[in-house]
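Here's the structure we're looking at; comments come further down.
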Amino acid sequence: MKILKPFHCRLEPTREQAQCLTRYRGCARFVWNKALILQKRRLKAGYPLLSYGELARLLTLWRHSEEYGFFASAPVHPLQCAGIDSPADGSGRVSWNEGA
Numbered sequence: 001m002k003i004l005k006p007f008h009c010r011l012e013p014t015r016e017q018a019q020c021l022t023r024y025r026g027c028a029r030f031v032w033n034k035a036l037i038l039q040k041r042r043l044k045a046g047y048p049l050l051s052y053g054e055l056a057r058l059l060t061l062w063r064h065s066e067e068y069g070f071f072a073s074a075p076v077h078p079l080q081c082a083g084i085d086s087p088a089d090g091s092g093r094v095s096w097n098e099g100a
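So in full-length UniProt numbering, spot 8 of the sequence shown is number 8, and the numbers just go up one at a time.
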């Protein structure tokens with residue numbers, strides 16, 4: 001019989017590392033919210049939802065724009081994961097009709 005036990009650990013980042021992690025988390029949250037608003041507007045207007053690929057292309061445009069250039073300071077992979085994990089990928093895990 002195999003006994004599974006959890007292993008708990010705690011990260012203790014330096015002040016600089018903590019600031020970077022906070023910035024990355026904030027950028028990922030911003031991408032999630034921006035994609036959610038965009039998809040809800042498209043749904044309300046009767047347009048189809050954007051695919052993950054289309055959202056990834058938008059993320060690239062946002063990263064190179066002056067308005068959202070702060071995305072360039074965060075690694076792209078967590079930002080893309082925000083798009084993959086969000087309901088913005090059309091997976092139906094969250095009802096888009098709620099509150100629309």
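Where is the CB? At the ideal position from N, CA and C, for every residue including glycine.
Everything numeric in this text was worked out from a predicted model, so none of it was measured.
Item checked: Where the alpha helix (DSSP H) through Thr22 begins and ends -> Arg15 to Ala45
Margin query: Which same chain residues end up closer than 7 Å to Gly92 when comparing Cβ atoms and leaving out the 5 residues on each side of it in sequence?
Written below: Any answer about Gly92 is weak, because its pLDDT of 46 lies below 50 and its placement is not dependable; what the coordinates show is given next. Closer than 7 Å at the Cβ level, and outside the excluded window around Gly92, lies no residue.
Next item on the list: Return yes when the Cβ of Ala35 is within less than 8 Å of the Cβ of Pro78, no when it is not.
Entry: no
Item checked: Exposure of Phe71, with buried meaning 16 or more beta-carbon neighbours within 10 Å -> buried
Check: So what does DSSP say about Arg64, is it helix, strand or coil?
Finding: The sequence given here has His at residue 64, not Arg. Residue state, collapsed to three classes: helix.
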